[in-house]
Amino acid sequence: MIWNPGKECLTRKEYDEIQLERLKWIVNRAYERVPFYKNRFDEIGLKPEHIKTLKDVENIPYTTKEDLRVNYPFGMFSEPLDNIVRFHASSGTTGKPVVVGYTKNDMETWKENIARIAAAAGVTNKDVAQIVFGFGMFTGGFGLLQGLEYMGVSVIPMSSGNSERQLMFMEDFGSTVVVGTPTYVLRLAEVAEEKGYSLDRFKLRVGLFGGEGHTAEMRRQIEKRWGIVCTENYGLTEVQGPGVSGECLEHCGMHINEDSFLYEIIDRDTLKPIDKEEEGELVLTTLTKEGIPMLRYRTKDITNIEFAPCKCGRTTARMTKVKGRTDDMLIIKGVNVFPSQIEGVILGMDKISPHYMLYVRKQGFMDTLEVQVELADASLLESYSELEKLTKEIRSKIKSNLLIDAKVTLVGPKTIERFETGKAKRVIDLRNEGK
Ligand code: DLL
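Heads up, the sequence shown is in the numbering used here, so the first residue is 250 and it goes up one at a time.
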């Protein structure tokens, strides 16, 4: 079902018109109300009235996470706190978190955007949705909750962790939709199996994944284990949280809520805008945000845009799967590689489980990579020759696909850390620790 055909099935010309009108509005507001933007514009002699076409957005300087940190906590807000009804924050690894604020209208838009992506994934008001994202300053839990409630879905706000209790509610309440990170939903299948539950006793039919990426193979494994259909959606705290874009059941990219976000793709080295259909870093401008406008926010996420019509009937542009974040890219002996590419190569091989960890170390001037992969079955540990054969097989598969020579270590079942709360962390960087 298309939640809002009047907004999701327009012509390109109609999207362009809406975007341009809203772009002018937000640029004006940002300039008038946020000293940070006024200064940025004044430094280069740019005035809001110079933005006459969508392409003119390219004259506006980028905004980065660092800008938000420097203006912590409310320096980039364009409304007084009297009009802010909600805060969220994303915890960075270093320094102050990024804080965002929403007005009542922002909350309405957010709900609408979530309803669209959930409907695209086949969710209806007949569903019972168990949210296993964390609730709190993270946008995942509350963002999905309010949008699903708005659709009339029965929501179980479980939050993350406490897996046995999750499974109890899942069974007793008859949850039909699970909303969370793919890694945690995979973990829930594992806990259910450990408890000896047959997964048929659950009524789950849909997985709504986001907050982190997952490869097609990881999805296949989760779908098979749970017997569900999964779609993914994308978002980030700085521009709203979840609801920027989401996949429909055709599984051909994530439909962007074009009336809320203007998207650009920039070259990740030169930082110049490139053809949107080419792969590069996604840059987003919020078109409706009253609480905190974001002009040309550098997401650091690598993707590209597709415009070809989708069979579902929506005409919105689609983002392809995020390949990784520019700051997570590894350079192993001169070859660039994203953790997701390694997942893509190793998952789906016989005898190994979908759990792995990447260790990056420094050897002289070179970075080296160790890929730890968990065996599906402990009996393999008893055969040295089998282990050696499998190690070689994985290593050569990585080498032929990604052109990097990684050390491969096989470890026993259930030895690699599981992620029950928050996002999976699969790269351990030991480069500065001399290990
Ligand atoms: O993760 C918002 C969100 C919550 C989206 C729940 C979807 C569902 P942050 O914590 O600010 O916000 O992290 C944003 O997470 O820049 C991406 O790098 C990554 N990310 C989010 N969704 C996806 C996805 C939320 N579907 C950062 N695929 C983003 C890949 C994703 N990466």
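From the three backbone atoms N, C-alpha and C, an ideal C-beta is built for every residue, glycine too. What you are looking at is a predicted structure, and each value in this text was computed from that prediction instead of being measured.
Counting other Cβ atoms within 10 Å of its Cβ, Pro-297 reaches 16 or more and is therefore classed as buried. Distances from the CA of Arg-289 to each of Gly-390, Trp-274, Thr-313 were compared; the closest alpha carbon is that of Thr-313.
A Cβ-Cβ distance of about 6 angstroms is found for the pair Lys-549 and Asp-576, placing them in contact under the 8 angstroms criterion. Secondary structure note for Tyr-311: it is in no alpha helix (DSSP H), with a DSSP letter that is neither H nor E. Below 8 angstroms, too few C-beta pairs join the region 415 to 424 and the region 501 to 521 to call them touching: fewer than three. Here Asn-681 is exposed, its C-beta having fewer than 16 other C-beta atoms within 10 Å.
Collapsing the DSSP output to three states places Leu-659 in a strand. Residue nearest to Gln-621 within the set Leu-596, Phe-382, Asp-376 is Leu-596 (criterion: CA-CA distance). For Val-493, the three-state secondary structure derived from DSSP is strand.
Looking at the backbone, the Cα of Pro-491 and that of Glu-635 are separated by about 44 angstroms. Separation of the CB atoms of Thr-537 and Ser-509 is rounded to 5 angstroms, and the pair is thereby assigned contact status at 8 angstroms. The alpha helix (DSSP H) runs lying completely inside the region 385 to 463 and spanning 4 residues or more are 388 to 400, 412 to 421, 431 to 443, given in chain order. The ligand DLL has no heavy atom closer than 7 angstroms to the beta-carbon of Glu-270. At a cut-off of 7 angstroms, the beta-carbon of Leu-485 counts as near the ligand DLL: some heavy atom of the ligand is closer than that. In the three-state reduction of the DSSP assignment, Thr-552 falls in the strand class.
Within the same chain, Cβ atoms closer than 7 angstroms to the Cβ of Gly-392 are found at Trp-359, Ile-363, Gly-490, Pro-491, Gly-492, the five residues on either side in sequence being excluded.
Between Glu-631 and Lys-656 the beta-carbon gap is near 22 angstroms, outside 8 angstroms, which marks them as no contact.
The residues Arg-436, Leu-437, Val-440, Glu-669, in chain order, have a CB closer than 7 angstroms to that of Ser-412 in the same chain once the five nearest residues on each side in sequence are set aside. With a 10 Å radius around the Cβ and a threshold of 16 neighbouring Cβ atoms, Glu-592 comes out buried. For Ser-634, the enclosing alpha helix (DSSP H) starts and ends at 633 to 651.
As computed with DSSP, Cys-479 is found in a beta bridge with Gly-456.
Within 7 angstroms of the C-beta of Val-404 there is not a single heavy atom belonging to the ligand DLL.
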